[in-house]
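The structure under discussion appears below in the form of structure tokens.
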């Protein structure tokens, strides 16, 4: 079952991350905090923002975007100012950059970036 998330949790995550999230991602998180997103050839698991409204919500958001972004920054070739927003389970990530509404695929083996055609609806 998908959970929505209150705006103040999204704003708190943005403050912790140091930037605004892309509008399409913010809109998606407000109605479904985490879950699956699709690109042309991949299924991605979106990282939720932390939600401490209840014990159940806190448990469901344990692998939150803040933790995952910090972890991703340890990878070689990961862009210093990027934020990890989703994983394909194979090491590649969907990432966002401050002051941009674009989302990119980051390929962990090469560090290459590709503009993602991601469906967040």
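Residue numbers (this note's numbering): 173 to 293.
Glycine included, every Cβ here is placed at the ideal spot set by N, Cα and C.
Buried or exposed: which applies to residue i, given that a residue is buried once 16 or more other Cβ atoms fall within 10 Å of its Cβ?
i, result
"residue 194", "buried"
"residue 270", "exposed"
"residue 274", "exposed"
"residue 263", "exposed"
Near residue i, what residues of its chain come up, given a Cβ to Cβ distance below 8 Å and the 5 sequence neighbours on each side ignored?
i, result
"residue 185", "193, 221, 222, 236, 237 and 238"
"residue 284", "278"
Residue i and residue j: beta carbons closer than 8 Å?
i, j, result
"residue 278", "residue 292", "no"
"residue 260", "residue 228", "no"
"residue 197", "residue 268", "yes"
Within its chain, find whatever has a CB closer than 7 Å to the CB of residue i; leave out the 5 residues flanking it on each side and keep chain order.
i, result
"residue 241", "189, 255 and 256"
"residue 289", "211 and 212"
"residue 230", "223 and 224"
Could you work out which residue in the options is closest to residue i when comparing CA atoms only?
i, options, result
"residue 177", "183, 203 and 244", "203"
"residue 224", "250, 234 and 200", "234"
"residue 175", "200, 191 and 247", "200"
"residue 249", "272, 280 and 230", "280"
"residue 219", "230, 258 and 253", "258"
Only counting the same chain, and skipping five residues up and downstream in sequence, which positions put a Cβ closer than 6 Å to that of residue i?
i, result
"residue 272", "none"
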